[in-house]
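Below is one structure, written out as structure tokens; comments come after it.
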Amino acid sequence: AQKATPAPPIGAPGPKPEVKPWWKRNRVVVVITAVVVYYFRPPVPEKLADLPDPARQLLDRFNFTRTVDKLFREREEWAKSQQIPGRQLQDKLKAKHPLVMIPGIISCGLEAWKPAECLGATFFRERVWGGLSMARAVLHNMSCWLDHLELDPITGVDPPHKEVRAADGVLGADYFVPGYWLWGKFIESAAAIGYHSGNLKLACYDWRLSFNNLEKRDGYYSHLRRSIEQLVQSTGEKAVVIGHSMGASVWIHFMQWVTVAAGETWVATHIHAFVPLAGALLGAVGPLGALLSGE
Numbered sequence: 030a031q032k033a034t035p036a037p038p039i040g041a042p043g044p045k046p047e048v049k050p051w052w053k054r055n056r057v058v059v060v061i062t063a064v065v066v067y068y069f070r071p072p073v074p075e076k077l078a079d080l081p082d083p084a085r086q087l088l089d090r091f092n093f094t095r096t097v098d099k100l101f102r103e104r105e106e107w108a109k110s111q112q113i114p115g116r117q118l119q120d121k122l123k124a125k126h127p128l129v130m131i132p133g134i135i136s137c138g139l140e141a142w143k144p145a146e147c148l149g150a151t152f153f154r155e156r157v158w159g160g161l162s163m164a165r166a167v168l169h170n171m172s173c174w175l176d177h178l179e180l181d182p183i184t185g186v187d188p189p190h191k192e193v194r195a196a197d198g199v200l201g202a203d204y205f206v207p208g209y210w211l212w213g214k215f216i217e218s219a220a221a222i223g224y225h226s227g228n229l230k231l232a233c234y235d236w237r238l239s240f241n242n243l244e245k246r247d248g249y250y251s252h253l254r255r256s257i258e259q260l261v262q263s264t265g266e267k268a269v270v271i272g273h274s275m276g277a278s279v280w281i282h283f284m285q286w287v288t289v290a291a292g293e294t295w296v297a298t299h300i301h302a303f304v305p306l307a308g309a310l311l312g313a314v315g316p317l318g319a320l321l322s323g324e
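In case it helps, the numbering used here puts the sequence shown at residues 30 to 324.
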């Protein structure tokens, strides 16, 4: 049988009462204090000129305040002066069909997910193609940079000692380097008429790979299929696909793949239109002369 707990001796002190934290015992005071502090808080300066002394005097001493204000003002005036078709037509056009954009060759940035020792661990997820980090890699070690862009001649993918992957999202191919736009202006124009991350997708890919290896290594076609299905489901409209240069050929190959993977009706069910921009639909004859002449 279970033993009974012996009673404490007569005169022994009982258990101490639980003491609540001070903020629980004074909840009303805490709330009132927080409201008063928030109401009488000092205003947050909107401009550098509104900073309190001596910070403002120090900036004025080096003419920093006026210089920064001038730069921001000139940049805003320049941005407003740009001819963005979406801004000019935003009162007449509104987003309807979700957009899927497939960039051309060398347009997508490439990131080092497993940089080799010649680049170093600090280059993790830095771009070896596109962006200012590419210039840093070239200046640091050009042969190492070229090695990261090369593929294994046997497998057609990255060698075991390094991994390079395509950048993801709209940042993957909006600007090649700051100031040199690829899809940036198009995305800005589309945003002016109502497009956003929920109805617009930039489907970047590793343009070094063969079309078959895009799916074999990265599952690119499977991801693209699911993305389009999600866009169609969330918007209730079929998608419009825009393929530029090699991106048009990637889309043609994708339609052949998805017909086998999901059935012959998938394209008709999910795609409203396909817009090729300088797509090499009949092949590229430009390199033919170099192949024949050896140049």
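Even for Gly, the Cβ is constructed at its ideal location relative to N, Cα and C.
Burial state of D187 (16 or more Cβ within 10 Å):
On the sequence shown, residue 187 is found 158 positions in, with the first residue counted as 1. By the 16-neighbour rule on beta-carbons within 10 angstroms, D187 is buried.
Residues bridged to P305 (per DSSP)
One-based indexing of the sequence shown puts residue 305 at position 276. For P305, DSSP records a beta bridge to G272.
Alpha carbon of A145 to alpha carbon of V193, nearest angstrom:
Taking the first residue of the sequence shown as position 1, residue 145 is located at position 116. Taking the first residue of the sequence shown as position 1, residue 193 is located at position 164. Rounded to the nearest angstrom, the two C-alpha atoms are 10 Å apart.
Assuming G308 and G272 make a contact with CB atoms under 8 Å, what is their CB distance in whole Å?
By one-based count along the sequence shown, residue 308 stands at place 279. By one-based count along the sequence shown, residue 272 stands at place 243. Contact flag correct, Cβ pair sits at about 6 Å.
Could you tell me whether the stretch 170-185 touches the stretch 211-218, where touching means 3 or more Cβ pairs closer than 8 Å?
Segments in contact, no.
Per-residue DSSP class, three states only, for V193:
The sequence position of residue 193 within the sequence shown is 164, counting from 1. Of the three classes helix, strand and coil, the one that applies to V193 here is strand, per DSSP.
Boundaries of the beta strand (DSSP E) in which R156 is found, first to last residue
By one-based count along the sequence shown, residue 156 stands at place 127. DSSP places R156 inside the beta strand (DSSP E), whose first and last residues are R156 to W158.
Counted within 10 angstroms of its Cβ, other Cβ atoms place E244 as buried (16 or more) or exposed
Numbered from its first residue, the sequence shown carries residue 244 at position 215. Buried, since its Cβ has 16 or more Cβ neighbours within 10 Å.
So, with DSSP's three-state summary, where would you put Y224?
Looking up residue 224 in the sequence shown gives position 195. In the three-state DSSP reduction, Y224 falls in the coil class, being neither helix nor strand.
To the nearest angstrom, report how far apart E266 and E293 are at their CA atoms.
Along the sequence shown, read from residue 1 onward, the residue named residue 266 stands at position 237. Along the sequence shown, read from residue 1 onward, the residue named residue 293 stands at position 264. Distance from the CA atom of E266 to the CA atom of E293, rounded to whole angstroms, is 19 Å.
Drop a sphere of 10 angstroms on the beta-carbon of L321, count the other beta-carbons inside from all chains shown, and report buried for 16 or more, exposed for fewer.
Counting from 1 along the sequence shown, the entry for residue 321 is found at position 292. With fewer than 16 neighbouring CB atoms inside 10 Å of its own CB, L321 falls in the exposed class.
Pick out whichever of I222, V64, A232 and G149 has its Cα sitting closest to the Cα of G138.
Stepping through the sequence shown from its first residue, residue 138 is reached at position 109. Answer by Cα proximity: A232.
Have a look at I134, K143 and Q259 and flag the residue whose alpha-carbon is nearest the alpha-carbon of P189.
On the sequence shown, residue 189 is found 160 positions in, with the first residue counted as 1. For the set I134, K143 and Q259, the Cα lying nearest the Cα of P189 is the one of K143.
Close-in-space but distant-in-sequence residues of the same chain around P305 (CB under 7 Å, 5 per side omitted)
Position 276 of the sequence shown, counted from the start, is the residue given in the question as residue 305. Hits under 7 Å: G272 and A277.
Those residues which DSSP pairs with L139 across a bridge
Taking the sequence shown and counting its residues from 1, one reaches residue 139 at position 110. DSSP lists W158 and A195 as partners of L139.
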